[in-house]
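Here the structure is laid out as C-alpha cells; the discussion comes afterwards.
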Amino acid sequence: MVVMRQVKTGQINSSYNRAGKNEPYFFRIDLNPQALENFNSFSQTVFEQIKAINEEAYNEFSLGEFEAKGNAQVEVKGAGLAYGITNRLTAYGAFPFYDARVELQMEQTKKSNLSSVAQKLDKSGNSSDAQMIQNIANDISHINITGETIQSAVVNGYNYQPLGNWQAQGPGDFEFGMIYRLTDWEYSGLALSGGVVLPTGREDDPDMLQDFAFGDGQTDAFIEFGGGITLPNTQLSFNSFLRYTYQFEHNRRLRLPESEDFPYSSQDAVFKEKLGNMLNFETSTQYQFSRWFALSAAYLHSYRPQSAYDSQYTMANEIYAQDTERSEQFVRIGTHFSTVPLYKSGDFFLPFAANVTAQRMIGGLNSPRYSRIDFELRFFF
C-alpha cells in the first residue's frame, strides 16, 4: 500500500497556557541599557556615563517596550509505504515534509521614560558635571526608536537572528513500525504495533525567536494497541487505539535565561533534555452509507508529562522544565471514499481510498491552538 497525505493548518496565532487558557502569541522586549549598550560604541559610552553618574537612572532607563505578535501556518506533505510480510504482519514507514511560514507584527506597548531619567541625572550632577549631563541628555533624546533599533537590540544585545517573517521547508521525523493482527474475528479485530521515530526533522534554533521545530530532536520508541468492531447487521463501526511513546534523552543547545520572567540571554549551554513520555488516545465511529462512501467522527487526546533538563545551571534547568507538561484535545470529522469493495466485485479497475478530514482543537495545556484539514490517498497493490 502506498499512502500520500497533505495536511494544512489554519492560522496559528495563539496557544493554551499552563491553566488551559487560550492566549495570543507575542514576544516582549524592553529597550533598556542591557539591550541597547551594544548597539554601537557611542551608545555604550553614553550608558557608561549614565551609570557612573546615577546608577538608579541607569537601571530605570528605557526607550520603551515593544511586543511582536505572530501567527504561523504549516503545510505538511507526507508519503508512506506499507507492505504485508505475512497475512498478519505488516511493516510500514512514513516520511513527512514541512512547509512553514511565520509572520510577525511589532508594536510599542510602553513609551520611553527619558524625561524622568534626565531629571535623575540632573539632580545627581554638580558644577563640573553639568555640561556632561546636558550632553548626555541631548544625546539620548536623539536616539531614534525604529525597527532597526529593535533589531540591533535583539541581534547585538542578545546575539539572536533578526526578527521578522520566517519561512522554512524540510523533512520531519521519520516513523518506522510493524503492525501485527491479533485476531480473525468476523465483526471485530485487535492489533498490536510498535516502532521507532527517528529525529530527521529540524530542531528549534536557539538563536532564533520566531522559528519552530519540525521534529523533537531525539529518537522515540512506541507501542500501540487498538481494535474495532462493526455492529452485526448494521453499517456502524467503532474503533479505538492507545499509543505509548518513550522519548530518549538527548543533548540540546539552549540559551541560558536571565530569569524566569525574562527567558532571553546572549549566553548558551548544552543541556541533557528528557522529554516526558507521551500517551495518545483516539476513539472514533464510522457509518458506511454505501459500499464506497462513509462518514466518521472522532475524539483525540494526547498527553505528555513534564520534561526534565540537566546541566550545571540549576536555575536554567528549573526554568526550562516549567510549563513543559503538555496536553491536546481534538475533535475530527471525515468523509471516506473507497473503491476496494468495487474492485473486489469487478466493478472498478483500481483499488484505492480517498479520505478528507477536518480536525479542530477543543482544549490543551502548553500547546499551540490550531485546526487542520487532511487529504489522504491510499493505493493498494
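Take 377 as the starting number for the sequence shown in the working numbering and just add one per residue. Don't be surprised by glycine CBs; every beta carbon is placed ideally from N, CA and C. Here the structure is a predicted model, which is why all the values come from computation and not from measurement.
Under the three-state reduction of DSSP, which class applies to Asn393: helix, strand or coil?
coil
Output the boundary residues of the beta strand (DSSP E) element that contains Asn398.
Asn398 to Pro400
By how many angstroms is the C-alpha of Arg708 removed from the C-alpha of Tyr675?
6 Å
Taking Asn398 as the reference, give the member of Ser747, Ser743 and Ile749 with the closest Cα.
Ser743
Using CA atoms only, rank isn't needed, just tell me which of Leu655, Gly571 and Val452 is closest to Phe473.
Val452
According to DSSP, is Tyr474 part of a helix, a strand, or is it coil?
strand
Beta-carbon separation of Gly553 and Gly570 under 8 Å?
yes
So, with DSSP's three-state summary, where would you put Ser641?
coil
Check each candidate in Asn408, Ser488, Thr733 and Thr559 and name the one with the smallest Cα separation from Ser747.
Thr733
Could you give the distance in angstroms between the alpha-carbon of Ala567 and the alpha-carbon of Tyr556?
6 Å
Would you kindly work out how many angstroms separate the C-alpha atoms of Ile405 and Gln481, rounded to a whole number?
13 Å
DSSP three-state call for Asn615: helix, strand or coil?
strand
Quick one: which unbroken beta strand (DSSP E) runs of 3-plus residues sit fully inside the region 527 to 561? Chain order, please.
542 to 547 and 550 to 557
Taking C-alpha atoms, which residue in Pro717, Asn535, Leu457 and Thr559 lies nearest to Asn463?
Thr559
Based on DSSP bridge pairs, tell me the residues matched to Ile599.
Gly570 and Tyr620
Where Asn731 falls: helix, strand or coil (DSSP):
strand
Consult DSSP for Pro608 and reduce its assignment to one of helix, strand or coil.
coil
Closest by C-alpha distance to Lys648, when choosing among His626, Leu655 and Ala729
His626
From the DSSP output, which residues share a beta bridge with Ser721?
Partner(s): none; Ser721 has no beta bridge.
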